[in-house]
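Here's the structure we're looking at; comments come further down.
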Amino acid sequence: MWTLTFISEEDFTNHVKATIEKYGEKLESFDLKRFNKNIIDPIKLIFDKTVYQASWEEIVSNEIFRQRDKSNNNDIGYFHQRIFNYIDKCRVPDNGKEGGWDVIYENPEGIFLPDGSVVHTVYVEMKNKHNTMNSASAGKTFIKMQNQLLKDDDCACFLVEAIAQRSQNIKWETTVDKNKVGHKLIRRVSLDQFYALVTGQEDAFYQMCMVLPDIIKKAVDELSGSIVPHDTVIDELKELAKKQNIDDENLAVAMAVYMLGFGSYKGF
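Encoded structure:
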């Protein structure tokens, strides 16, 4: 039984599938050549393996995960932003269109802010995490929001953070040209509070999180033929280890790892 009232099961499932497909080439299998494309640091791998008391399989798997994970935040940003295409009175403009806002929420019945203000449109700049903007970026974003307020006196501008320091909907204060600035209609809002505002359901974000694991699993199962990677790195390393003529299997694999980064070094 589907429990979310603000998005249909079909729309949510399709959105999750689209997010998974955005992972693209990161879902391609890793062989030894791809694993060592940017030349790994063998010394670090061997320190990590020994200090964390891990197996070679675990260390290699962790390194593959790290390499895949470097650009996954962009894909999760897609999930956080594009879901609002399916939520009533929200829209996600095409890149660069409508001022370049990530989400626009319009409600002719009025949008009530915590300080008692009422507006009819909210323009959203969305960030994955609260600490991803440096001072220059924050200042530029604040000025963009100021300019929007000058063009439209019946709106508010939100900096919505998926991973905020706490649940909040507060006046955003930042620094522009070394001066502290703030405006009651320029607000810093955690993602749960934004969900609550646009859906009218206080725990809407929590409810979404509760169904998400099952829907991701369902989507992965349906897409499994095209997305499940079959990494061969550890098998290739073990094959190289067999050729090292070293009886100690652990040292033989270590030598195979050394060869990835130090193959042309003296002595190797």
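Quick note, in the working numbering, the sequence shown goes up one by one and the last residue is 269.
Think of the CB as a built atom: it goes at the ideal place given N, C-alpha and C, for glycine as much as any other residue.
Beta-carbon contacts of residue i that lie in its chain and below 7 Å, excluding the five residues immediately before and after
i	result
Asn148	none
Pro115	Asn170
Under 8 Å between C-beta atoms of residue i and residue j
i	j	result
Thr20	Phe80	yes
Thr175	Ala139	yes
Asp32	Val229	no
Met256	Ile247	yes
Ile164	Asn135	no
Ile41	Gly268	no
Residue burial classification, residue i (beta-carbon count within 10 angstroms, cutoff 16)
i	result
Cys210	exposed
Any C-beta of chain C under 8 Å from that of residue i
i	result
Asp49	Here chain C cannot be found, since the structure has a single protein chain.
Close Cβ partners of residue i (< 6 Å) along its chain, the five nearest in sequence each way excluded
i	result
Trp173	Leu160, Ile187, Arg188 and Arg189
Lys1	The structure shown does not extend to residue 1, since the chain is modelled only from 2 to 269, so the question has no answer here.
Residue i versus residue j: straight-line alpha-carbon distance, rounded
i	j	result
Val199	Gly78	18 Å
Leu28	Lys38	16 Å
Lys90	Cys156	14 Å
Gln54	Ile60	10 Å
Ser9	Gln208	13 Å
Phe85	Phe195	11 Å
Tyr24	Arg92	23 Å
His16	Lys145	29 Å
Lys18	Asp76	12 Å
Trp57	Glu110	60 Å
Residue i: first and last residue of the uninterrupted beta strand (DSSP E) it sits in
i	result
Phe113	Val104 to Phe113
Asn170	Asn170 to Val177
Met127	Val119 to Lys130
Ile247	Run containing Ile247: none; DSSP gives neither H nor E here.
Asn180	Asn180 to Ser191
Phe159	Cys156 to Ile164
Residues near residue i in its chain [Cβ-Cβ closer than 8 Å; skip 5 each side]
i	result
Phe113	Val119
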